[in-house]
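*Asks:* I'd like to ask you about the structure that follows.
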Amino acid sequence: MVEVPPGGSGRKALVTISKLRERAERPPACRRCSGRSWWNGWRVVFPTVAAAVAGLVERWELPVPRAKCSSCKHGFTCYPPGIYPRRQYQLDVVAAVAAAVALGAQPLARAAGAAHASATSARRWTAWVASLSRPRELLAVAARLDPDAPAGAGLSIHPAGEARRSCAARVLAALEHVGAALVRRGLALAARTGLGRVLGWQHEAHGDVYGLVAGVRHLSPAMALGGKEAAG
Ligand SMILES: [Zn+2]
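So the number in the working numbering is just where the residue sits in the sequence shown, counting from 1, plus 169.
Now the structure itself:
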């Protein structure tokens, strides 16, 4: 579930944790042509991720392996599970900040402070979540994934108030339903929030595994799919 961070008071300094180089023996096949690929070095990214302790974040110095296709020469990066491409602030962090704004009615600066982000980021993330999808369509996806789920539960508890915040609250609640349905379907998803689970699932599966075609189209392509690299 989305956990609302405690806010900016008494926050700890952001630590950077160096991660070891880890990769499979062989890279996956090329997503463009299905050709064989080979490992082609590493690059280092610095994602801000949700820490094990709820409401805290930490920064990783994370080496991610690069691969290259032997046939079409397409180069690509292989992100570990739970790490979303091309995002410094990972999706569980974004979800927590947006939840603090939309569900917790926290001021932008306070919500952002818990994640060591700016008020501008908190505003942008909340707006992005609000426009990501239509709650009813997400609930329809959840119902298809898990027909026994209590569809619509939680949608009526969002706070009234500023339109964008209440819209973001409904989208977050609906994403939680889809994420929970995915987990009940047995998918191993590293993310803890509905936002992280749903977008992470789309990225890792990179396709329409359970018939989420409409949902994919309604999600923001640039942010939902991580740009060209994630799709290619
Ligand atoms: Zn290729």
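Beta carbons are placed, not taken as given, at the ideal position from N, Cα and C, and that holds for glycine.
Is the beta carbon of Gly204 within less than 7 Å of some heavy atom of ligand 1?
*Replies:* Position 35 of the sequence shown, counted from the start, is the residue given in the question as residue 204. Under cutoff, so the answer is yes.
*Asks:* Taking Arg235 and Gly210 to be in contact with their CB atoms under 8 Å, please state how far apart those CB atoms are, rounded to whole angstroms.
*Replies:* Locating residue 235 in the sequence shown gives position 66, where the first residue counts as 1. Locating residue 210 in the sequence shown gives position 41, where the first residue counts as 1. The pair is a contact, with the Cβ atoms about 5 Å apart (cut-off 8 Å).
*Asks:* Would DSSP call Cys238 helix, strand or coil?
*Replies:* Here residue 238 corresponds to residue number 69 of the sequence shown, with the count starting at 1. Cys238 falls in the strand class under three-state DSSP.
*Asks:* Tell me whether the beta-carbon of Ala265 lies closer than 8 Å to the beta-carbon of Leu277.
*Replies:* Locating residue 265 in the sequence shown gives position 96, where the first residue counts as 1. Locating residue 277 in the sequence shown gives position 108, where the first residue counts as 1. Taking 8 Å as the Cβ cut-off, Ala265 and Leu277 do not qualify as a contacting pair.
*Asks:* Can you give me the start and stop residues for the alpha helix (DSSP H) that Arg200 sits inside?
*Replies:* For this step, residue 200 is matched to residue 31 along the sequence shown. No alpha helix (DSSP H) contains Arg200, which DSSP labels as neither H nor E.
*Asks:* State the start and end residues of the unbroken beta strand (DSSP E) segment that holds Gly244.
*Replies:* The residue given as residue 244 occupies position 75 in the sequence shown. Element bounds for Gly244: Gly244 to Thr246.
*Asks:* Measuring straight from C-alpha to C-alpha, what distance separates Ala337 and Ala280?
*Replies:* Along the sequence shown, one-based indexing puts residue 337 at 168. Along the sequence shown, one-based indexing puts residue 280 at 111. About 14 Å.
*Asks:* Which residue or residues does DSSP assign as beta-bridge partners of Glu230?
*Replies:* Translated into the one-based positions of the sequence shown, residue 230 becomes position 61. Paired residues: Ser187.
*Asks:* Please tell me whether, using a cut-off of 7 Å, the distance from the CB of His243 to the nearest non-hydrogen atom of ligand 3 is below it.
*Replies:* This structure lacks ligand 3; its bound ligands are ligand 1.
*Asks:* Quick check on the DSSP output: what are the complete beta strand (DSSP E) runs of length 3 or more inside the stretch 258-293, in order along the chain?
*Replies:* none
*Asks:* Can you look up Ser206 in the DSSP assignment and give me helix, strand or coil?
*Replies:* Here the question's residue 206 lines up with position 37 in the sequence shown. It is a strand residue.
*Asks:* Please state if the CB of Val340 and the CB of Ile310 are separated by a distance shorter than 8 Å.
*Replies:* Counting from 1 along the sequence shown, the entry for residue 310 is found at position 141. Counting from 1 along the sequence shown, the entry for residue 340 is found at position 171. Residue identity check: residue 310 is Val in the sequence provided, not Ile. Contact: no.
*Asks:* Below 7 Å, is the gap between the Cβ of Arg201 and the nearest heavy atom of ligand 1?
*Replies:* Start at 1 with the first residue of the sequence shown, and residue 201 comes out as number 32. The answer is yes for Arg201.
*Asks:* Whole angstroms is fine: what's the gap from Ile186's alpha carbon to Ser203's?
*Replies:* Indexing the sequence shown from 1 puts residue 186 at position 17. Indexing the sequence shown from 1 puts residue 203 at position 34. Each residue's alpha carbon lies about 35 Å from the other.
*Asks:* Does the distance from the C-beta atom of Glu227 to that of Val184 stay below 8 Å?
*Replies:* For the purposes of this step, residue 227 is taken as residue 58 along the sequence shown, with counting starting at 1. For the purposes of this step, residue 184 is taken as residue 15 along the sequence shown, with counting starting at 1. Taking 8 Å as the Cβ cut-off, Glu227 and Val184 qualify as a contacting pair.
*Asks:* From Gly365 to Glu345, what does the alpha carbon distance come to, in whole angstroms?
*Replies:* Walking along the sequence shown from the start, residue 365 turns up at place 196. Walking along the sequence shown from the start, residue 345 turns up at place 176. Spanning the two alpha carbons is a distance of roughly 9 Å.
*Asks:* From what residue to what residue does the beta strand (DSSP E) around Ala219 run?
*Replies:* Against the sequence shown, residue 219 aligns to sequence position 50. Residues Thr217 to Ala219.
*Asks:* Touch check for the stretch 188-196 and the stretch 213-232: three-plus C-beta pairs under 8 Å?
*Replies:* Contact holds: three or more Cβ-Cβ distances are below 8 Å.
*Asks:* Excluding the 5 residues preceding and the 5 following Thr295 in the sequence, name in chain order all residues of the same chain whose CB lies nearer than 7 Å to its CB.
*Replies:* For the purposes of this step, residue 295 is taken as residue 126 along the sequence shown, with counting starting at 1. Only Ala267, Val270, Ala271, Arg333, Arg334 and Ala337 meet the Cβ criterion.
*Asks:* According to DSSP, is Val222 part of a helix, a strand, or is it coil?
*Replies:* Counted from its first residue, the sequence shown places residue 222 at position 53. If DSSP states are grouped into helix, strand and coil, Val222 belongs with coil.
*Asks:* Three-state secondary structure (DSSP) at Arg354?
*Replies:* As a first step, residue 354 must be located in the sequence shown, where it is residue number 185. Coil at Arg354, not helix or strand.
*Asks:* Hey, how far is the Cα of Cys241 from the Cα of Arg195?
*Replies:* On the sequence shown, residue 241 is found 72 positions in, with the first residue counted as 1. On the sequence shown, residue 195 is found 26 positions in, with the first residue counted as 1. When rounded, the distance between both Cα atoms is 17 Å.
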